[in-house]
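Engineer:
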Amino acid sequence: MEAKTLKGFRDYLPAVMVPRQQMIRAIEATFERQGFVPLQTPALEYKETLTGKYGEEGDKLLYSFRDHGERDVALRYDLTVPLARVVAQHRNELQLPFRRYQVAPVWRADKPQRGRFREFFQCDADIAGANTAQADAEILVTGLAVLQALGVQGAVIDLNHRDVLFGALQAFGVTDLSAQIACIRGIDKLDKMAAADIAQEVATSAALPIEVATQIVAWFNSPQDIASVQAFAPPAAVALTRMDEVMTLVRCSGIPGEVRFRPAIARGLDYYTGIIYETRLTDEKVKGFGAVMSGGRYDGLIGSFGREQVPAVGISLGLDRLLAALQELGLLAPVIGPPVYATVFTETAGLTFAQVQQLRQAGVNAEIDCLGGKLGKQLERAEKRGARLALILGATEAEQGLVLLKDLASREQFSLPFAELTQAVLSRLGPAAK
RNA sequence: GUGGUCGUAGCUCAGCUGGUAGAGCGCGGGAUUGUGGUUCCCGAUGUCACGGGUUCGAACCCCGUCUACCACCCCA
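If you count the first sequence from 1, position 156 lands on 156 in our numbering, and the numbers rise without skipping.
Here you go:
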C-alpha cells in the first residue's frame with residue numbers, strides 16, 4: 001500500500017498550517033467584529049439539496065454517491081446553498097436578518113491546476129432576511145475588512161448587477177435568454193481575451209450579426225458610469241440606484257479598498273439575482289491569481305426550498321488562493337516554533353522539567369529537547385526551531401542553583417537563580433511575544 | 001469532461017545520437033567527549049513516478065496508469 005493523497009487533495013503540514021491558522025483566526029475575528037455569528041453545517045447533504053443551484057457546469061462538479069442507506073448524497077460545493085437550506089429549515093428558530101459566517105472546506109470534482117483544488121476552504125459571510133442597500137454594503141465592507149485585517153493592500157471590488165447585464169443586452173436587442181447567456185459568457189472573458197476575438201465568438205454562439213456582437217462587447221469593455229447606463233438601459237434603473245447607494249455606503253464607512261462599477265462582471269452561478277462582485281488584488285505580483293473574494297445577492301435561493309422567500313446576500317473568500325497571494329506578497333509571518341527551547345542533560349533532566357513547566361504556567365510557550373546528546377546539537381535544534389532563548393541546566397549549574405539563559409540571536413548568556421528565570425524570560429521576550 | 005506538457009537523490013536540476021546515474025543545496029558524522037550560524041574533512045543518498053512493450057541492452061524509444069502543471073470549461 002503506497003502512502004499518497006488523492007488528486008486535488010492535500011495534507012497541510014505544520015509549515016503551511018501555522019500561517020493558515022493565523023489567517024483563519026484573523027478572518028473569523030473580523031467576521032465576528034462585523035457582527036456575524038458562526039454556523040457549521042455537514043459536509044454531506046442530500047444530493048437534491050445541491051443540484052440545480054449552480055448551473056449545468058456546477059452540477060457536473062458535484063461529488064456525489066449513494067450511501068449505505070441508499071440515499072443519494074453529495075459533498076457540499078459551496079457554503080451558500082447549505083446556508084440557504086439552514087435558513088429555510090430552521091426559519092422559526094432564527095431571528096432575521098440572520099448574519100452568519102462560516103470557514104469550512106468545500107469540494108468540487110474539478111480538474112486541479114495551480115491554486116485550484118478539489119478540496120479547498122471558503123470563508124463566507126452572509127446576511128439572510130434583508131434586501132436593502134445596507135445589507136449589500138455591510139457585506140462588501142466586511143469583505144474589505146477581512147482583507148484589511150490580513151494586511152492586504154490594493155484590493156478592488158468590481159461591482160455589477162444582474163439586471164444591468166440583462167438590461168443592457170435588451171437595449172441591444174438581445175432578448176432571447178440563451179443568446180443573453182452566450183453574450184454574458186463572452187463578456188466574462190474580457191479579462192483574458194481580446195475584444196475582437198470575443199465578439200467573433202459571441203456572434204456565433206449567440207447567433208448575432210458580427211457588428212452587433214462587436215458593439216456589445218465594446219460597450220461592456222469600456223468603463224461605464226451609472227448615469228450613462230441609466231440612459232441607455234432603462235430597465236436597469238432600479239439596479240443602478242441600488243448599486244449607487246451601496247457604493248456610497250461603503251465609501252462612507254471609510255474602509256480601505258475600492259469598489260467600482262464594472263459592467264463586465266458576470267458570475268456563473270445560477271442563483272444570483274441582484275448585485276454581483278469579484279475582488280482582485282492590484283499588486284502586479286499577484287495579477288494572475290484571479291478573484292480572491294466574490295459573491296452576490298440571491299433572493300430566490302432560500303425560497304427554492306419550498307417555504308417563505310427570504311432575500312439574502314453574501315461574500316465568499318478563497319482561503320487558499322488568498323494565502324498564495326499573501327505568500328507572494330511577503331505578508332506571511334515566518335514560521336517559528338516556541339520561543340523558548342530547553343536543552344537537557346540526563347542527570348539534571350528532572351530539574352529542567354520543573355523549571356520549564358513553571359515557565360509554561362506563566363504563559364510562555366516552551367519546548368524541551370527530547371533527543372539529548374551534545375549541547376552543540378541541542379542548540380542547533382533550538383535554532384532550527386526558530387527559538388529565541390535557550391535554557392541550559394546541567395550539573396555545573398544545578399550545583400549552584402543556577403540556570404543559564406542564552407539569547408540565540410546575540411549569543412549572550414546569563415546565569416540566573418531559578419527564582420528569577422520566569423521574570424527574566426518574560427522581560428526578554430517582551431510583552432507581545434509569548 | 002476535452003486537448004496538451006512534464007515526472008531523475010529530501011530540494012533545484014544535469015545526464016550528448018539508447019550501454020544499468022551525477023552536481024549544488026540540504027542531511028548524518030567528525031575537527032581534544034557542555035556552546036549552535038563561517039571554514040575544513042568524511043559519509044549516505046535513488047526500484048531514474050508506476051506497469052507493460054521494443055531491444056543483446058532503456059532514465060533515454062512505444063503503449064497504458066498515476067501525479068503535477070497548462071489551455072478550454074468553470075471558478076475560490
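Quick reminder that beta carbons are idealized off the backbone N, C-alpha and C, glycines included.
Rounded to whole angstroms, what is the Cα-Cα separation between Q102 and S410?
Structural biologist: So the two alpha carbons sit approximately 44 Å from each other.
Engineer: Check for me: the beta strand (DSSP E) holding M293 runs from which residue to which?
Structural biologist: Where M293 is concerned, the enclosing beta strand (DSSP E) stretches over 293-297.
Engineer: Residue range of the beta strand (DSSP E) that L159 falls in?
Structural biologist: Residues 155-161.
Engineer: Around the Cβ of V250, are there at least 16 other Cβ atoms within 10 angstroms (buried) or fewer (exposed)?
Structural biologist: Flag for V250 reads buried.
Engineer: Are the beta-carbon atoms of T422 and Q378 separated by less than 9 Å?
Structural biologist: Contact: no.
Engineer: Can you tell me which of the three DSSP states R260 falls into?
Structural biologist: If DSSP states are grouped into helix, strand and coil, R260 belongs with the strands.
Engineer: Mapping DSSP to helix, strand and coil, what is L402?
Structural biologist: The answer is strand: DSSP assigns L402 an E or B state.
Engineer: Starting from the C-beta of A109, find all residues in its chain whose C-beta is less than 6 Å away, skip the five residues before and the five after it, and write them out in chain order.
Structural biologist: For A109, where only same-chain residues beyond five positions count, the Cβ hits under 6 Å are L61, Y63.
Engineer: Measuring alpha carbon to alpha carbon, tell me which residue in L317, G58, L75, I392 is nearest L150.
Structural biologist: That would be L317, whose Cα lies nearest to the Cα of L150.
Engineer: Once you ignore the five residues that flank G386 on each side, which residues in its own chain have a CB closer than 6 Å to its CB?
Structural biologist: Excluding sequence neighbours, G386 sits near I336, G337.
Engineer: Going by beta carbon distance, what residues of the same chain come within less than 7 Å of T214, once the five residues before and after it are set aside?
Structural biologist: These residues qualify, in order along the chain: A199.
Engineer: Which ranges would you report for the beta strand (DSSP E) in the stretch 7-80 if only whole runs of at least 3 residues count?
Structural biologist: The qualifying runs are 44-46, 64-66, 72-75.
Engineer: Output the distance between the C-alpha atoms of E48 and D72, rounded to the nearest integer angstrom.
Structural biologist: Cα to Cα, the separation comes out at about 8 Å.
Engineer: Could you have a look at G314 and say whether DSSP puts it in helix, strand or coil?
Structural biologist: Note: G314 maps to strand in three-state DSSP.
Engineer: Does the Cβ of G257 have 16 or more other Cβ atoms within 10 Å, making it buried, or fewer, making it exposed?
Structural biologist: The residue is buried, with at least 16 neighbouring Cβ atoms inside 10 Å.
Engineer: V425 by DSSP, collapsed to three states: which one?
Structural biologist: DSSP places V425 in helix when its eight states are reduced to three.
Engineer: Taking Cβ to Cβ, would you say V286 is nearer than 9 Å to A333?
Structural biologist: The answer is no: Cβ separation not under 9 Å.
Engineer: Between which two residues does the beta strand (DSSP E) holding D188 run?
Structural biologist: Where D188 is concerned, there is no enclosing beta strand (DSSP E), given that its DSSP letter is neither H nor E.
Engineer: In angstroms, rounded to a whole number, what distance separates the CA positions of A168 and D124?
Structural biologist: Between A168 and D124, the C-alpha separation is close to 30 Å.
Engineer: Our contact map puts L159 next to V259 with C-beta atoms below 8 Å; I'd like the distance itself, whole angstroms only.
Structural biologist: So it is a contact: roughly 6 Å between Cβ atoms.
Engineer: For D369, which of helix, strand or coil comes out of DSSP?
Structural biologist: It is coil, neither helix nor strand.
Engineer: Would DSSP call I255 helix, strand or coil?
Structural biologist: If DSSP states are grouped into helix, strand and coil, I255 belongs with coil.
Engineer: Output the distance between the C-alpha atoms of L147 and Q153, rounded to the nearest integer angstrom.
Structural biologist: The alpha-carbon atoms of L147 and Q153 are separated by roughly 8 Å.
Engineer: Does the Cβ of E278 have 16 or more other Cβ atoms within 10 Å, making it buried, or fewer, making it exposed?
Structural biologist: It counts as buried.
Engineer: Go ahead and pull the three-state DSSP assignment for K434.
Structural biologist: The predicted model places K434 with a pLDDT of 46, which falls under 50 and marks its position as unreliable; any figure quoted below should be read in that light. Coil.
Engineer: Contact between the stretch 347-367 and the stretch 387-399 is defined here as three or more beta-carbon pairs at a separation below 8 Å; is this criterion met?
Structural biologist: Yes, the stretch 347-367 is in contact with the stretch 387-399.
Engineer: In this structure, what does DSSP give as the bridge partners for I302?
Structural biologist: None, per the DSSP bridge assignment.
Engineer: Can you grab the Cα-Cα spacing for the pair G300 / A3, in whole Å?
Structural biologist: Those two C-alpha atoms are separated by around 45 Å.
Engineer: L79 to V425, Cα distance in whole Å?
Structural biologist: Approximately 45 Å between the Cα atoms of the pair.
Engineer: With a Cβ-Cβ cutoff of 9 Å, do I265 and G295 count as a contact?
Structural biologist: Result no, Cβ atoms of I265 and G295 do not sit closer than 9 Å.
Engineer: Check P223 in the structure and name its three-state DSSP category.
Structural biologist: Three-state DSSP puts P223 in coil, outside helix and strand.
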